[in-house]
Amino acid sequence: MPFDVEAATEKALSCQLLDSTSAKALCERLKPVLLRECNVKPVPVPVTVVGDVHGQVFDLLEMFRIGGPAWHSVC
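Positions 1 to 75 (this note's numbering) are the ones given, in order, by the sequence shown.
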């Protein structure tokens with residue numbers, strides 16, 4: 001059965017969760033669209049993604065402790 005965009009939209013608008021099959025189908029359908037975006041870049045794995053640390057030096061040091069040094073990082 002093909003992915004029903006309208007049914008998924010109705011579920012989202014009524015704050016219902018998609019079942020796993022529909023969620024996967026949605027991701028597969030969105031993937032080519034998102035890959036065309038200029039802010040999506042391929043990165044080598046393994047990778048550690050870190051959010052904003054809001055200037056907290058100790059949080060930054062903890063992230064380096066967990067993920068290792070960022071000598072080869074690319075922004």
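Every residue, glycine too, gets a C-beta built ideally from N, C-alpha and C.
For a cut-off of 8 Å, the C-beta gap from LEU17 to ALA8 is around 11 Å, too long to register as a contact. According to the DSSP assignment, THR21 belongs to the alpha helix (DSSP H) that extends over 20 to 35. Ranking ASP59, VAL5, VAL57 and GLN56 by CA distance to the CA of ARG29 puts VAL5 first. When rounded, the separation of the alpha-carbon atoms in GLU62 and THR48 is 13 Å.
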